[in-house]
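Chains as they are written, first to last, in numbering that gives the first Met the number 0: chain A, 0 to 229; chain B, 0 to 407. Each residue gets a CB set at the ideal place from its N, CA and C atoms; glycine is no exception.
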Amino acid sequence: MSSPDTLTHSKTAQGPLVEARGLSHARDGRTVMAIGDWQLQPGAHALLLGPSGSGKTTFINIVTGLLTPSHGTISVAGEVMSALPPAARDALRRRTIGLVFQTLRLIPALSVTDNLALAQQLALGHVDRAAIAGMIDRVGLAHRAAAQPRQLSQGEGQRAAIARALITRPRLVVADEPTSALDDTNAARMIDLMFDVADATGATLLVATHDGRIAHRFANRFNLMAPVAA
Amino acid sequence: MIGLSLAYLRDRGLNTALNILLLALSVASLVILLLFSSQLENRFDKDAQGIDMVVGAKGSPLQLILSSVYHVDIPTGNVPLDTVDLLRRQLGVAEAIPLALGDSFRSFRIVGTEPAYPALLGASLADGRMFAAKMEAVIGADVAARTGATLGQRFVGGHGMSSGDEGPKHEETPFIVVGRLKPTGTVIDRLILTRVESVWGVHGIEDPGEDHHEGESAEDHEAHAGAAEVTAVLVRFGSPIAAVRLPGFINRQTNLQAAVPAVEVSRLLALVGVGLDAVRAFAVLLMLTAGLSIFVALLTALKEREGDMAMLRVIGASRAAIIGQVASEGLILASAGAALGLLLGHGVIGMAAASIEQLRALGLNALTFHPGEALIVAAALGIGLIAALIPALRVLKTDIAETLANAR
Numbered sequence: 000m001s002s003p004d005t006l007t008h009s010k011t012a013q014g015p016l017v018e019a020r021g022l023s024h025a026r027d028g029r030t031v032m033a034i035g036d037w038q039l040q041p042g043a044h045a046l047l048l049g050p051s052g053s054g055k056t057t058f059i060n061i062v063t064g065l066l067t068p069s070h071g072t073i074s075v076a077g078e079v080m081s082a083l084p085p086a087a088r089d090a091l092r093r094r095t096i097g098l099v100f101q102t103l104r105l106i107p108a109l110s111v112t113d114n115l116a117l118a119q120q121l122a123l124g125h126v127d128r129a130a131i132a133g134m135i136d137r138v139g140l141a142h143r144a145a146a147q148p149r150q151l152s153q154g155e156g157q158r159a160a161i162a163r164a165l166i167t168r169p170r171l172v173v174a175d176e177p178t179s180a181l182d183d184t185n186a187a188r189m190i191d192l193m194f195d196v197a198d199a200t201g202a203t204l205l206v207a208t209h210d211g212r213i214a215h216r217f218a219n220r221f222n223l224m225a226p227v228a229a
Numbered sequence: 000m001i002g003l004s005l006a007y008l009r010d011r012g013l014n015t016a017l018n019i020l021l022l023a024l025s026v027a028s029l030v031i032l033l034l035f036s037s038q039l040e041n042r043f044d045k046d047a048q049g050i051d052m053v054v055g056a057k058g059s060p061l062q063l064i065l066s067s068v069y070h071v072d073i074p075t076g077n078v079p080l081d082t083v084d085l086l087r088r089q090l091g092v093a094e095a096i097p098l099a100l101g102d103s104f105r106s107f108r109i110v111g112t113e114p115a116y117p118a119l120l121g122a123s124l125a126d127g128r129m130f131a132a133k134m135e136a137v138i139g140a141d142v143a144a145r146t147g148a149t150l151g152q153r154f155v156g157g158h159g160m161s162s163g164d165e166g167p168k169h170e171e172t173p174f175i176v177v178g179r180l181k182p183t184g185t186v187i188d189r190l191i192l193t194r195v196e197s198v199w200g201v202h203g204i205e206d207p208g209e210d211h212h213e214g215e216s217a218e219d220h221e222a223h224a225g226a227a228e229v230t231a232v233l234v235r236f237g238s239p240i241a242a243v244r245l246p247g248f249i250n251r252q253t254n255l256q257a258a259v260p261a262v263e264v265s266r267l268l269a270l271v272g273v274g275l276d277a278v279r280a281f282a283v284l285l286m287l288t289a290g291l292s293i294f295v296a297l298l299t300a301l302k303e304r305e306g307d308m309a310m311l312r313v314i315g316a317s318r319a320a321i322i323g324q325v326a327s328e329g330l331i332l333a334s335a336g337a338a339l340g341l342l343l344g345h346g347v348i349g350m351a352a353a354s355i356e357q358l359r360a361l362g363l364n365a366l367t368f369h370p371g372e373a374l375i376v377a378a379a380l381g382i383g384l385i386a387a388l389i390p391a392l393r394v395l396k397t398d399i400a401e402t403l404a405n406a407r
């Protein structure tokens with residue numbers, strides 16, 4: 000039986016986990032995101048900074064294979080996302096990436112435990128109740144395991160969303176504005192928790208935010224290029 | 000994914016319950032109609048088995064059939080006793096069985112007849128023996144069960160066809176139970192059978208076959224015996240030619256009336272059928288309304304859950320899994336509605352048969368299943384599935400990235 004402490008990935012894998020080459024995206028003739036060449040090494044904690052409208056969400060959608068870039072390529076775990084057929088892209092995302100959103104997107108009809116169980120079932124094809132209990136305990140929600148999302152506070156909900164993203168043992172955890180709705184104390188706790196759990200599982204962390212309060216926590220920070228008119 | 004569907008349905012419990020109820024009501028309506036019409040038809044067929052023609056007094060042929068074959072209406076009148084001999088002499092008549100009606104015991108009809116009548120309906124004795132002497136009676140299975148009558152027990156008939164214990168009694172002429180019949184699932188279960196002469200005796204009519212009483216003049220005996228009549232004669236043909244020739248001959252050449260059960264029953268079912276068709280159309284409309292309601296409920300729910308669905312796709316649900324999840328919601332609703340509808344339909348039939356004497360008399364049975372019910376269930380499931388698939392396909396067409404971006 001695995002516990003979250005043992006859910007680690009090898010940090011000796013060759014090459015970057017995520018690699019962009021000449022990457023940019025245009026919508027209605029206007030470039031909405033441009034990053035050019037960029038790499039993210041396995042086990043790194045990277046922060047993507049930028050104001051609203053700078054293309055952070057577009058970049059995350061491209062990294063996770065939800066959007067095909069108009070120029071350049073993005074590779075995750077050595078596979079070029081845009082070259083894969085939709086089903087293979089879904090499978091790569093399912094196997095490799097855990098996502099955390101600002102609005103949580105927990106399934107409201109399911110308890111915290113069942114939200115994690117569903118994610119595990121969909122990604123791994125089985126449910127490991129002990130691992131789920133361990134992960135819920137690690138994010139400090141053991142007393143709220145049976146609660147439904149609407150019964151959780153914002154901070155508790157964020158922790159549940161992180162637990163769901165990590166329960167499938169993804170190599171890459173992508174978080175989009177995970178702290179925007181939190182006060183200073185809870186924002187700091189959230190980043191601590193993400194670092195803690197990502198380190199424990201060996202996951203690589205990519206956080207996109209315009210929240211300057213957490214910037215100093217990341218050694219690896221980068222900005223998207225300013226949008227340019229076509 | 001089934002667990003997720005159940006969780007979503009539980010999450011909007013009132014909506015789920017109302018949709019299940021709506022579908023259950025339509026399924027129940029169709030089941031009730033199906034069971035009622037099929038059991039009625041089946042009962043009509045069984046009760047009339049072997050009876051090719053009924054001869055009685057002039058009047059409504061349907062009334063003659065209902066009173067003499069199904070024992071649910073009053074007779075059109077009486078016919079002379081020699082009608083029986085007249086019919087037995089006709090070419091192509093295999094059997095002519097007289098019936099003498101007029102009295103009842105606790106709403107069970109007393110029928111003066113011959114042992115050939117129970118034999119014609121396939122009835123056999125459970126215990127005792129067949130009636131032989133005057134005032135001996137054999138009772139049907141329902142009569143035995145409802146009255147608790149045992150062999151050797153005496154009872155007094157009351158005047159009238161369906162009177163309970165309130166009508167005038169024939170206290171001086173009690174019957175004695177000499178036999179009980181096994182259940183047949185036909186009208187005979189509800190009848191008390193005796194000799195025709197017993198019915199005459201109860202009403203002070205002398206048996207023309209008997210010698211005249213002491214002190215009675217030959218003229219008086221003939222006058223009393225002359226009143227000996229029967230209510231109807233059940234006829235079984237021995238050849239198909241008789242079926243063509245006899246009804247017309249009797250209706251044209253005599254003061255009697257001949258009616259064919261098959262013709263009258265199909266006429267009756269056609270009349271009843273118009274009403275049943277109207278109710279059936281209403282029930283189908285109700286089922287379509289239930290389907291529409293499920294469709295609207297799922298469409299609204301999925302509109303609210305677009306973000307959830309997109310998230311499910313992101314965390315690994317395939318397109319097929321998303322369709323399956325939404326479809327299973329529709330199917331769970333439809334299955335619950337169909338199951339509740341079946342239960343409700345059979346329950347209503349059972350309650351109606353238990354509380355309404357006329358329906359019980361028609362042999363309505365809640366525990367009988369009709370193959371058509373499988374079609375009703377399949378239709379309900381199909382409607383649930385279609386109602387779910389349309390919103391599911393809409394969900395698949397949505398742009399995940401855009402949906403998530405809007406929801407962020």
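(request) Could you name the residues of the same chain whose beta carbon sits closer than 7 angstroms to that of A118(A), not counting the 5 residues immediately before and after it, in chain order? (result) Result list for A118(A): R163, I166, T167, in chain order.
(request) Report yes or no: do three or more beta-carbon pairs, one from the stretch 171–181 of chain A and one from the stretch 144–162 of chain A, lie closer than 8 angstroms? (result) Yes, the stretch 171–181 of chain A touches the stretch 144–162 of chain A.
(request) Look up H70(B) in the DSSP assignment and give the residues it is bridged to. (result) The beta-bridge partner set that DSSP reports for H70(B) is empty.
(message) I need the boundaries of the beta strand (DSSP E) containing H125(A), first residue and last residue.
(response) Premise fails: H125(A) is in no beta strand (DSSP E) and is neither H nor E.
(request) Report the rounded CA-to-CA distance for D136(A) versus A130(A), giving the unit in angstroms. (result) Taking the straight line joining both Cα atoms gives about 10 angstroms.
(request) Taking a Cβ distance cut-off of 8 angstroms, strictly less, list which residues of the stretch 1–16 of chain B are near chain A, in chain order. (result) Answer set for the stretch 1–16 of chain B: G2, L3, A6, Y7, R9, D10.
(request) Decide if I411(B) is buried, meaning its Cβ has at least 16 other Cβ atoms within 10 Å, or exposed. (result) This structure cannot settle anything about residue 411(B), because the visible part of chain B is limited to 0 through 407.
(message) I'd like to know whether the C-beta atoms of L366(B) and V325(B) end up nearer to each other than 8 angstroms.
(response) No, these two residues do not count as a Cβ contact at 8 angstroms.
(request) Could you tell me whether the Cβ atoms of L48(A) and N222(A) are closer together than 8 angstroms? (result) For L48(A) and N222(A), yes; Cβs fall inside 8 angstroms.
(request) Report buried or exposed for G14(A), applying the criterion of at least 16 other Cβ atoms within 10 angstroms of its Cβ. (result) With fewer than 16 other Cβ atoms within 10 Å, it is exposed.
(request) Taking only beta-carbon positions, decide if A326(B) is within less than 8 angstroms of chain A. (result) Taking CB atoms only, A326(B) has no neighbour in chain A less than 8 angstroms away.
(request) Compare the Cα-Cα distances from F368(B) to each of T15(B), F35(B), N14(B) and report the closest residue. (result) In terms of CA proximity to F368(B), F35(B) leads the group T15(B), F35(B), N14(B).
(message) So for R105(B), helix, strand or coil by DSSP?
(response) The answer is coil: DSSP assigns R105(B) none of H, G, I, E or B.
(message) Just to confirm the assignment, what range does the alpha helix (DSSP H) spanning R88(A) have?
(response) 85–95 is the extent of the alpha helix (DSSP H) around R88(A).
(message) Counting only Cβ-Cβ distances shorter than 9 angstroms, please list the residues of the stretch 113–138 of chain A near chain B, keeping chain order.
(response) So the close ones are D113, A116, L117, A118, Q120, L121, A122, L123.
(request) To the nearest angstrom, report how far apart K168(B) and P182(B) are at their CA atoms. (result) C-alpha separation (whole angstroms): 28 angstroms.
(request) Between the Cα of A122(A) and those of S334(B), G315(B), A351(B), R393(B), spot the shortest distance and give me the residue it belongs to. (result) Taking only the C-alpha atoms, the option nearest A122(A) is G315(B).
(message) In this structure, how does DSSP classify I382(B) when only helix, strand and coil are distinguished?
(response) In the three-state scheme derived from DSSP, where H, G and I count as helix and E and B as strand, I382(B) is classed as helix.
(message) Checking the sheet assignment: what are the DSSP bridge partners for L374(B)?
(response) None; L374(B) has no bridge partner.
(request) Report the three-state DSSP secondary structure of P97(B) (helix, strand or coil). (result) P97(B): strand per DSSP, three-state reduction.
(request) Note down, in chain order, every chain A residue with its Cβ under 7 angstroms from the Cβ of A316(B). (result) Simply L121.
(request) With DSSP collapsed to three states, give me the class of M0(B). (result) Note: M0(B) maps to coil in three-state DSSP.
(message) With a threshold of 8 angstroms between beta-carbons, can A108(A) be considered close to chain B, or not?
(response) Yes, A108(A) lies at the interface with chain B (some Cβ there is under 8 angstroms from its Cβ).
(request) Verify the CB distance criterion: does M310(B) have a CB-CB separation below 8 angstroms to chain A? (result) Output row for M310(B): interface = yes.
(request) Run the CB neighbour count on L22(B), radius 10 Å, all protein chains shown included, and call it buried at 16 or more, exposed below. (result) Taking all protein chains shown into account, L22(B) has 16 or more neighbouring C-beta atoms within 10 Å of its C-beta and is therefore buried.
(message) With a threshold of 6 angstroms on Cβ separation, who are the neighbours of T75(B) within its own chain once the five nearest residues in sequence on each side are excluded?
(response) These residues qualify, in order along the chain: G55, A56, G58, Q62, L63.
(message) So if DSSP puts M52(B) in a beta bridge, which residue, or which two residues, is it bridged to?
(response) Here M52(B) is bridged, per DSSP, to V234(B).
(request) Would you be able to state if there are at least three C-beta pairs under 8 angstroms between the stretch 101–113 of chain A and the stretch 62–74 of chain A? (result) The stretch 62–74 of chain A vs the stretch 101–113 of chain A: no contact.
(request) Determine, using beta carbons only, whether L98(A) and T63(A) come nearer to each other than 8 angstroms. (result) Against a cut-off of 8 angstroms, the Cβ pair of T63(A) and L98(A) comes out as a contact.
(request) Compute the distance between the beta-carbons of S317(B) and L380(B), then report whether it is under 8 angstroms. (result) Annotated as distal: S317(B) and L380(B), with beta-carbon spacing of 8 angstroms or more.
(message) Checking the sheet assignment: what are the DSSP bridge partners for I348(B)?
(response) In the DSSP output, where bridge partners are listed per residue, I348(B) has none listed.
(request) Taking all protein chains shown into account, decide if F248(B) is buried (16 or more other Cβ within 10 angstroms of its Cβ) or exposed. (result) For F248(B), the number of other beta carbons within 10 angstroms of its own is below 16, and it is reported as exposed.
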